[in-house]
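Numbering (my numbering), first residue to last: 4 to 372.
Positions of the beta carbon are idealized from the N, C-alpha and C atoms, including for glycine.
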Amino acid sequence: MASPTTARRGIRVRIVALAAALAASSLVLGACASSSGAPASGASGEAASYGDISVQYSWIKNEEFAGEFYAYENGYYDEAGFSEVTGVAGPDTGVAKLLSGSVQVALSDAASIGAAIAEQDAPLKIIGATFQKNPFTILSLQDGGDIETPEDLIGKKIGVQDSNASVFKALLAANGIDESELTIVPVDFDPTPLINGEVDGFMAYLTNEAITVELAGYPVTNLAYAENGLPYVAETFSVTDQYLAENKDLLKAFLIAEIKGWTDVFTEPTDATVDLVVKYYNESAAAGDLTFGDLDPEKTAMALEAEKLLISTDETEANGLFTISDDLQEQTLASLEASGWELEADQLFDTSIIDEIYEEQPELKDYLP
C-alpha cells in the first residue's frame, strides 16, 4: 500500500513443498532463547522475561502494522517482558516459516492457514484476528466495468494476480459462477491495466488500490468479498500447535502488548500515526526490505481510516480487539468451505488466550476514544 501505482500483498494460499514436508514430520520447532512456556522470573517476583521472538508480517511495513509500530514506540513489548520482537517484512503468509520455527508468530489470514491445515494437515492455529472483515475487493471504474454484484463479473475481463488466483476462484464458487463465464487476465499488483481499460475489474485491497485509483481521479466501484460470500478474518495471529501449547504465557503477554498498540491507533491523532508509519516504513526501506517508493501521507491516512472499519465492529466493541466470535468463526469456516477446504472450528481457531486476557483485564476492551 505504498505508492500511487503499486503494491499489495494478497493472500498467498500456495503451500510450498517445505511447508508440506515440515507439516508431515514430527517437528521440533525452535523458539528463541527465553521463550519457553514458563516465564523466567526471579525469586523477588520481578517481571517475566521472554527473550526474543520473531513475527512475520504479511506485507511491507506500512499502515497495516501501525499497531505493531506503537507497541515498539511506546514500549509495550518491553513492558510485556520481551528482550526483542523482530518484525519480519513481507509479503509472506508465514506458513512455511512457522512450520520451520524461523518465526514464532505470523500475521497471516484464514485462507492461508486454513488451506495449510486442510491440504497438508499443518499443525497451525489462529489465536486472534486484527481484521474482522476480509479486505479483498474486485475494483472497477464507475465509467468502465462498474461491477456492483457478483453477476456483473459474467462476461468481463478480470485482472487477478497469480498469488490471489485461489481466492478469486473461491469468490466465483461462493456465488455459483463458472470460470468459463468470464476471462481471467494475469496481472501484477499495479492497477494501471484497470485504468487503461485492459481489464474491467481488478482484484484489489479496499485499503490499497481502491484508494490509489480514487486519488488518481477515477471514481470506483467495489465488489467487497466480505459482503459477497467470503467474510473471513485476516491479519490473523497464527502459531503452531506446539508453540501454543508450550508458550501460553508468552503469547498472552504478546497479545496484551498488541492490544495496547492497536488501541493507540484508535486513540492517537491520525497525523501522529501517519508520521509513525512513515518512520518505520523508511527504516524498513533503509534495511533493504521491499518497498514502493515514498509513502503518500494522504493515502496512508485514508488507508488507516479504511482499516479501522475492518478492525472495529459491534462485536469487537463488545468483546475486545482481536476476538473472533462464534458467529465470525462460522462465517470464516463457510468461506473456506466455498473454497473447498472443510474444517471444524477447533481445527482452525483457539481463542482461549484472547478470551482469558479480557476476562482478567476487561478494561482492555475499551479501545475506542
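If you follow the alpha helix (DSSP H) that proline 196 is in, where does it begin and where does it stop?
In the sequence shown, counting from the first residue as 1, residue 196 sits at position 193. Unbroken alpha helix (DSSP H) run through proline 196: 195-198.
Taking only three categories from DSSP, how would you classify lysine 160?
Indexing the sequence shown from 1 puts residue 160 at position 157. Lysine 160: strand per DSSP, three-state reduction.
Nearest-angstrom Cα distance between glycine 48 and phenylalanine 269?
Residue 48 sits at position 45 when you count from the first residue of the sequence shown. Residue 269 sits at position 266 when you count from the first residue of the sequence shown. At glycine 48, the pLDDT of 45 sits below 50, so the modelled position is not reliable and the matter cannot be decided from this model.
Mind checking which residues open and close the alpha helix (DSSP H) that includes isoleucine 327?
Residue numbering aside, residue 327 sits at position 324 when the sequence shown is read from its first letter. Taken as a continuous stretch (DSSP letters only), isoleucine 327 belongs to no alpha helix (DSSP H), as it is neither H nor E.
State whether the segment 216-225 contacts the segment 146-155, with contact taken as three or more CB pairs (one from each stretch) at a distance under 8 angstroms.
The segment 216-225, when compared against the segment 146-155, does touch it at the 8 angstroms Cβ threshold.
Take serine 57 as the anchor and find which of Lys160, Leu253, Val281 has the nearest alpha-carbon.
Here residue 57 refers to the residue found at position 54 when the sequence shown is read from its first residue. Nearest option by C-alpha distance: Leu253.
Nearest-angstrom Cα distance between glutamine 245 and alanine 219?
Looking up residue 245 in the sequence shown gives position 242. Looking up residue 219 in the sequence shown gives position 216. Their Cα atoms are separated by approximately 47 angstroms.
Judging by CA-CA distance, which residue of Ala109, Val202, Phe139 is the nearest neighbour of glycine 232?
Here residue 232 corresponds to residue number 229 of the sequence shown, with the count starting at 1. When each option's Cα is compared against that of glycine 232, the closest is Phe139.
Are the beta-carbon atoms of phenylalanine 240 and isoleucine 130 separated by less than 8 angstroms?
For the purposes of this step, residue 240 is taken as the residue at position 237 of the sequence shown. For the purposes of this step, residue 130 is taken as the residue at position 127 of the sequence shown. In this structure, isoleucine 130 lies closer than 8 angstroms to phenylalanine 240 by Cβ.
If contacts are defined as beta-carbon pairs under 8 angstroms, then alanine 74 and glycine 291 qualify, I think. What distance do you get, rounded to the angstrom?
In the sequence shown, residue 74 corresponds to position 71, counting from 1. In the sequence shown, residue 291 corresponds to position 288, counting from 1. Their Cβ separation, rounded to whole angstroms, is 23 angstroms, which puts alanine 74 and glycine 291 out of contact at 8 angstroms.
Tell me the rounded alpha-carbon separation between proline 365 and alanine 321.
Looking up residue 365 in the sequence shown gives position 362. Looking up residue 321 in the sequence shown gives position 318. Roughly 10 angstroms between the two C-alpha positions.
Using the beta-carbon count (16 or more within 10 Å), is lysine 255 buried or exposed?
Reading the sequence shown from its first residue, position 252 is the one you call residue 255. Lysine 255 is buried by the Cβ-count criterion.
Is it the case that the Cβ atoms of threonine 273 and isoleucine 63 are separated by a distance below 8 angstroms?
Position 270 of the sequence shown, counting from 1, holds the residue named residue 273. Position 60 of the sequence shown, counting from 1, holds the residue named residue 63. Contact: no.
Would you say the segment 323-335 touches the segment 347-362, given that touching needs at least three Cβ pairs under 8 angstroms?
Contact between the segment 323-335 and the segment 347-362 is present, because at least three Cβ pairs lie under 8 angstroms.
Given this structure, state the Cα-to-Cα distance separating phenylalanine 192 from methionine 206, to the nearest angstrom.
In the sequence shown, residue 192 corresponds to position 189, counting from 1. In the sequence shown, residue 206 corresponds to position 203, counting from 1. So the two alpha carbons sit approximately 9 angstroms from each other.
What do you get for lysine 310, buried or exposed, if any count of 16 or more other CB atoms within 10 angstroms of its CB means buried?
Here residue 310 refers to the residue found at position 307 when the sequence shown is read from its first residue. The sequence shown places glutamate at residue 310, rather than the lysine named in the question. The residue is buried, with at least 16 neighbouring Cβ atoms inside 10 Å.
How about leucine 324 and glutamate 66: are their beta carbons less than 8 angstroms apart?
Here residue 324 refers to the residue found at position 321 of the sequence shown. Here residue 66 refers to the residue found at position 63 of the sequence shown. Cβ atoms of leucine 324 and glutamate 66: not closer than 8 angstroms.
Look at alanine 237 and phenylalanine 352 and say whether their C-beta atoms are less than 8 angstroms apart.
One-based indexing of the sequence shown puts residue 237 at position 234. One-based indexing of the sequence shown puts residue 352 at position 349. Contact flag unset, no.
According to the Cβ coordinates, are glutamate 76 and glycine 90 closer than 8 angstroms?
As a first step, residue 76 is located in the sequence shown; it is residue number 73 there, counting from the start. As a first step, residue 90 is located in the sequence shown; it is residue number 87 there, counting from the start. For glutamate 76 and glycine 90, no; Cβs fall outside 8 angstroms.
Leaving out five residues before and five after glycine 78 in sequence, what residues of the same chain have Cβ atoms less than 7 angstroms from its Cβ?
Reading the sequence shown from its first residue, position 75 is the one you call residue 78. Cβ within range, chain order: n/a, list empty.
Could you tell me which residues DSSP puts in a beta bridge with leucine 142?
In the sequence shown, residue 142 corresponds to position 139, counting from 1. Beta-bridge pairing links leucine 142 to Phe205, Asn225.
Using a Cβ-Cβ cut-off of 6 angstroms (strictly less than) and excluding sequence neighbours within five positions of alanine 229, which residues of its own chain qualify?
The residue given as residue 229 occupies position 226 in the sequence shown. So the qualifying residues of the chain are Lys136, Asn137.
What does DSSP give as the partner residues of leucine 127 in its beta bridges?
On the sequence shown, residue 127 is found 124 positions in, with the first residue counted as 1. Answer by DSSP bridge pairing, in chain order: Thr243.
So what does threonine 276 bridge to, in DSSP terms?
Your numbering for residue 276 matches position 273 in the sequence shown. Threonine 276 is not bridged to any residue.
Quick one, are the C-beta atoms of serine 342 and alanine 125 less than 8 angstroms apart?
Stepping through the sequence shown from its first residue, residue 342 is reached at position 339. Stepping through the sequence shown from its first residue, residue 125 is reached at position 122. No, the Cβ-Cβ distance between serine 342 and alanine 125 is not below 8 angstroms.
Measure how close the beta-carbons of alanine 119 and valine 106 come, nearest whole angstrom, since I'm counting them as under 8 angstroms.
Sequence index remark: in the sequence shown, residue 119 carries index 116 (1-based). Sequence index remark: in the sequence shown, residue 106 carries index 103 (1-based). In fact, because the Cβ distance is near 14 angstroms, the residues do not count as touching under 8 angstroms.
In chain order, what residues of the same chain have a beta carbon less than 6 angstroms from the beta carbon of valine 163, not counting five sequence neighbours either side?
On the sequence shown, position 160 is the one that residue 163 refers to. Closer than 6 angstroms at the Cβ level, and outside the excluded window around valine 163, lie Phe171, Ile187, Met206.
From the DSSP output, which residues share a beta bridge with phenylalanine 352?
Position 349 of the sequence shown, counted from the start, is the residue given in the question as residue 352. Partner(s): Ile129.
Do we get a CB-CB distance below 8 angstroms when we pair glutamate 286 with the residues of chain D?
Protein chains in the displayed structure number just one, and chain D is not present.
In angstroms, rounded to a whole number, what distance separates the CA positions of lysine 368 and threonine 319?
Reading the sequence shown from its first residue, position 365 is the one you call residue 368. Reading the sequence shown from its first residue, position 316 is the one you call residue 319. Rounded to the nearest angstrom, the two C-alpha atoms are 8 angstroms apart.
Return the residue from the list Ala51, Phe68, Leu339, Leu312 that minimises the CA-CA distance to glutamate 82.
Position 79 of the sequence shown, counting from 1, holds the residue named residue 82. Comparing Cα positions, the closest option is Ala51.
Hey, glycine 54 and serine 103: beta-carbon distance below 8 angstroms or not?
Working through the sequence shown from its first residue, we reach residue 54 at position 51. Working through the sequence shown from its first residue, we reach residue 103 at position 100. No, Cβ-Cβ distance for glycine 54 and serine 103 is not below 8 angstroms.
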